[in-house]
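> Let me give you the structure first, and then I'll get to my questions.
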Amino acid sequence: MTIAIDFGTSNTVVSRWNPATQQPETLRLPGLSWISAQNPPLIPSLLYVKDATADQVVLGQQVRDQGYDISSDHRFFRNFKRGIGTNIQGFLPELDGQVVTFERVGEWFLTQVLEAVRGIPLPIDSLVFTVPVDSFEAYRYWLGQVCQSLEVEQVRMLDEPTAAALGYGLTEQDVVLVIDFGGGTLDLSLVRLNTTVQNKPLGFILKWGQKSFAESSGQKPKTARVLAKAGQNLGGSDIDHWLIDYFAQTQGLEKTPLTTRLAERLKIQLSLQTQATEVYFNDETLDSYELELSREQFEEILTQHQFFENLDRAMNQVLQQALRQGIEKSNISSVLLVGGSSQIPSVQTWVKQYFEPEKIRCEKPFEAISHGALQLSLGTKIEDFLYHSYGIRYWNRRDNCHSWHPIIQSGQAYPMTEPVELVLGASLENQPSIELVIGELGAETGGTEVFFDGDRLVTRSTAGKTPVQALNDTPEGRSIARLNPPGQPGRDRIKVLFSVDEKRFLLITLEDLLTNEMLVNNQAVVQLS
Numbered sequence: 001m002t003i004a005i006d007f008g009t010s011n012t013v014v015s016r017w018n019p020a021t022q023q024p025e026t027l028r029l030p031g032l033s034w035i036s037a038q039n040p041p042l043i044p045s046l047l048y049v050k051d052a053t054a055d056q057v058v059l060g061q062q063v064r065d066q067g068y069d070i071s072s073d074h075r076f077f078r079n080f081k082r083g084i085g086t087n088i089q090g091f092l093p094e095l096d097g098q099v100v101t102f103e104r105v106g107e108w109f110l111t112q113v114l115e116a117v118r119g120i121p122l123p124i125d126s127l128v129f130t131v132p133v134d135s136f137e138a139y140r141y142w143l144g145q146v147c148q149s150l151e152v153e154q155v156r157m158l159d160e161p162t163a164a165a166l167g168y169g170l171t172e173q174d175v176v177l178v179i180d181f182g183g184g185t186l187d188l189s190l191v192r193l194n195t196t197v198q199n200k201p202l203g204f205i206l207k208w209g210q211k212s213f214a215e216s217s218g219q220k221p222k223t224a225r226v227l228a229k230a231g232q233n234l235g236g237s238d239i240d241h242w243l244i245d246y247f248a249q250t251q252g253l254e255k256t257p258l259t260t261r262l263a264e265r266l267k268i269q270l271s272l273q274t275q276a277t278e279v280y281f282n283d284e285t286l287d288s289y290e291l292e293l294s295r296e297q298f299e300e301i302l303t304q305h306q307f308f309e310n311l312d313r314a315m316n317q318v319l320q321q322a323l324r325q326g327i328e329k330s331n332i333s334s335v336l337l338v339g340g341s342s343q344i345p346s347v348q349t350w351v352k353q354y355f356e357p358e359k360i361r362c363e364k365p366f367e368a369i370s371h372g373a374l375q376l377s378l379g380t381k382i383e384d385f386l387y388h389s390y391g392i393r394y395w396n397r398r399d400n401c402h403s404w405h406p407i408i409q410s411g412q413a414y415p416m417t418e419p420v421e422l423v424l425g426a427s428l429e430n431q432p433s434i435e436l437v438i439g440e441l442g443a444e445t446g447g448t449e450v451f452f453d454g455d456r457l458v459t460r461s462t463a464g465k466t467p468v469q470a471l472n473d474t475p476e477g478r479s480i481a482r483l484n485p486p487g488q489p490g491r492d493r494i495k496v497l498f499s500v501d502e503k504r505f506l507l508i509t510l511e512d513l514l515t516n517e518m519l520v521n522n523q524a525v526v527q528l529s
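So that you can map any letter, position 326 of the sequence shown is 326 in the UniProt record's numbering, and since no number is skipped, the others follow by simple counting.
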């Protein structure tokens with residue numbers, strides 16, 4: 001049985017394909033899921049560490065039921081997905097004599113979710129994980145490492161916006177814009193859905209066992225081709241913190257996990273009504289809070305934090321990419337809103353400034369991604385491109401610092417048919433080897449810093465900077481070939497060919513121009529899974 005997991009910053013959705021009804025089904029996991037009148041079963045992405053040495057944790061709705069989410073205990077984690085694969089500067093707690101990283105918290109969370117699925121009981125033969133479109137390879141690599149330890153035969157990965165397009169069932173549509181606005185990220189993806197293509201491997205494979213359904217049945221899979229992407233580390237958790245800051249300034253409200261939870265409830269209320277109130281009283285400490293906020297005040301707070309400017313920036317980036325391929329805004333047949341933050345009325349009003357209301361759909365904000373990911377097991381092939389650029393590090397003599405030279409640009413389809421060629425020379429007398437540091441370059445228009453304000457995880461836009469994630473910056477990873485005889489400055493010595501294969505491995509071929517020797521032939525220097 002195939003299980004799809006939409007691992008979100010605020011909530012996680014787990015679904016399966018029901019063979020009896022031939023429809024996707026969102027799973028309710030006892031103790032982990034919470035259900036409201038408006039929402040399907042959702043697993044709050046919360047975790048509390050009872051004993052780090054024994055891997056004893058509490059997660060999901062159990063965290064709220066036991067009151068761990070309103071305490072200031074460092075054993076409580078929320079929004080931890082945002083810290084996975086990033087260079088964090090700040091506080092990481094030491095629990096039971098161990099420093100607990102966000103990667104470890106994420107692994108605890110996912111493995112416990114899968115154990116709960118098996119406890120229903122349901123067999124798991126295949127897994128599909130969805131990932132944000134703007135996630136660096138470090139996050140995807142972490143997910144791949146977690147998958148290797150799971151007792152599951154096949155594991156695949158799919159961009160969240162592409163999954164959402166499939167989840168809305170728009171197989172006959174031409175071009176679809178997905179706006180995925182959740183707790184941690186804003187992802188926009190322009191997708192073309194086709195119905196007749198040649199039979200090829202499905203999705204981005206993290207772990208592979210027996211043949212897929214489509215291969216074994218001879219079925220020709222449908223195709224979802226990604227045409228344009230844009231993403232930002234902006235989500236509902238940022239809005240919660242803006243609300244806390246507002247009440248801290250106007251009422252002197254203390255910033256705690258409890259007040260964060262109250263701010264989140266206010267935000268959710270304002271999606272359904274124009275005035276919201278939250279009252280809390282602790283009969284042990286006698287602490288009490290009464291928070292009121294109108295929708296008009298809420299929208300003013302969003303405006304003060306350049307919220308709509310950031311939305312416009314992402315939208316314009318996608319539309320400009322589309323124009324370069326001859327696709328105008330009028331060619332977009334449907335706009336799909338997914339994620340809890342897409343339910344904010346002012347977000348829906350903002351979308352209507354770009355598109356006619358009849359094109360906009362928002363009836364499956366929480367389930368579309370997980371349900372769409374199940375389509376991979378039914379024979380949907382994803383044709384994708386690289387969202388980020390890749391480059392090599394060099395010493396910039398003018399600025400006296402390291403800089404990055406792009407070698408593979410964002411938007412490059414993979415597998416590549418033609419390699420990129422680069423010629424290098426030695427920089428030192430009697431240089432014994434060639435070293436290369438490969439980096440993944442973020443969007444040139446801006447990036448995001450992830451840091452701590454006290455014990456609060458914060459993301460901040462860094463407009464005008466290019467974020468870089470080094471992929472092989474270790475003594476073993478940097479050294480790619482020995483030079484015999486040693487290299488001398490002043491002449492070309494090595495020709496390098498870069499390419500990307502169908503599984504998104506970055507490959508290099510090295511030729512020694514002095515000896516005409518092939519030093520490396522199509523070697524994967526950066527393993528992404």
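Even glycine gets a Cβ: it sits at the ideal position worked out from N, Cα and C. Just so you know, these numbers come straight off a predicted model, no measurement behind them.
Roughly how far, in whole angstroms, is the beta-carbon of Leu59 from the beta-carbon of Phe366, given that I think they are within contact range, below 8 Å?
Not confirmed; about 18 Å, so no contact.
> Helix, strand or coil, according to DSSP, for Thr277 in the structure here?
Residue state, collapsed to three classes: strand.
> Kindly give me the distance between the Cβ atoms of Val423 and Lys364, rounded to whole angstroms, as I take these residues to be in contact under 8 Å.
Their Cβ separation, rounded to whole angstroms, is 52 Å, which puts Val423 and Lys364 out of contact at 8 Å.
> Who pairs with Arg5 in a beta bridge, going by DSSP?
Residue identity differs from the one stated: residue 5 is Ile in this sequence, not Arg. Note: Ile5 sits in a beta bridge opposite Val14 and Phe129.
> Assuming Trp350 contacts Phe308 under a Cβ cut-off of 8 Å, what Cβ separation, rounded to an integer in Å, is found between them?
Confirmed, Cβ separation roughly 6 Å.
> Does Ser433 come out as helix, strand or coil in the three-state DSSP assignment?
Strand.
> Looking only at C-alpha atoms, which of Leu497, Cys401 and Gly184 sits nearest to Ser342?
Considering only alpha carbons, the answer is Gly184.
> For Gly339, count neighbouring C-beta atoms within 10 Å of its own C-beta (all shown protein chains included) and say buried if the count is 16 or more, exposed if not.
The residue is buried, with at least 16 neighbouring Cβ atoms inside 10 Å.
> Give the DSSP-derived three-state secondary structure of Lys50 in the structure shown.
Reduced to three states, the DSSP call for Lys50 is strand.
> Starting from Thr26 and walking both ways along the beta strand (DSSP E), at which residues does that stretch end?
Start and end: Gln23 to Thr26.
> Which word fits Gln98, buried or exposed, when buried means at least 16 other C-beta atoms lie within 10 angstroms of its C-beta?
Result: exposed.
> Going by C-alpha distance, which of Leu507, Leu386, Ser403 and Arg265 is nearest Leu227?
Out of Leu507, Leu386, Ser403 and Arg265, Leu386 has the C-alpha closest to the C-alpha of Leu227.
> Excluding the 5 residues preceding and the 5 following Asp55 in the sequence, name in chain order all residues of the same chain whose CB lies nearer than 7 Å to its CB.
Closer than 7 Å at the Cβ level, and outside the excluded window around Asp55, lie Trp108.
> Pairs of beta-carbons, one from the segment 429–437 and one from the segment 485–493, closer than 8 Å: are there three or more?
The segment 429–437 vs the segment 485–493: in contact.
> Taking DSSP's pairing of strands, which residues face Leu158 in a bridge?
Leu158 is bridged to Thr130.
> Could you check whether Val152 and Leu127 sit closer than 7 Å to each other, using their CB atoms as the reference points?
Going by C-beta atoms, Leu127 is nearer than 7 Å to Val152.
> Just to confirm before moving on: does the CB-CB distance between Leu513 and Leu519 stay below 7 Å?
Contact flag unset, no.
> What does the Cβ neighbour count give for residue 544, buried or exposed, with the cut at 16 atoms within 10 Å?
Nothing can be reported for residue 544: it is not among the residues displayed for the chain, which extend from 1 to 529.
> Do you know offhand how far Glu300's Cα is from Ile179's?
For Glu300 and Ile179, the distance between alpha carbons rounds to 22 Å.
> Quick one: residues in its chain with C-beta nearer than 8 Å to the C-beta of Thr53, no 5 flanking neighbours on either side, listed in chain order?
If we look at Thr53 and ignore the five residues flanking it on each side, its Cβ neighbours are Asp96, Gly97 and Gln98.
> Skipping 5 residues on each side, what residues in its chain have a beta carbon closer than 6 Å to that of Asn521?
Only Thr509 meet the Cβ criterion.
> Leaving out five residues before and five after Leu253 in sequence, what residues of the same chain have Cβ atoms less than 6 Å from its Cβ?
Hits under 6 Å: Phe247 and Thr259.
> Let's see if you can read the secondary structure: which residues bound the alpha helix (DSSP H) around Glu103?
It spans Phe102 to Arg118 - the alpha helix (DSSP H) in which Glu103 sits, taken as one unbroken run.
> Pop quiz: Tyr394 and Ser403 are said to be a contact at Cβ under 8 Å. What is the actual Cβ separation, rounded to whole angstroms?
Right, their Cβ atoms sit about 6 Å apart.
> Determine which residues share a DSSP beta bridge with Leu291 and list them.
DSSP lists Glu278 as partners of Leu291.
> Which first and last residues belong to the beta strand (DSSP E) in which Lys495 is found?
Element bounds for Lys495: Asp492 to Val500.
> Quick check on DSSP: helix, strand or coil for Cys147?
It is helical.
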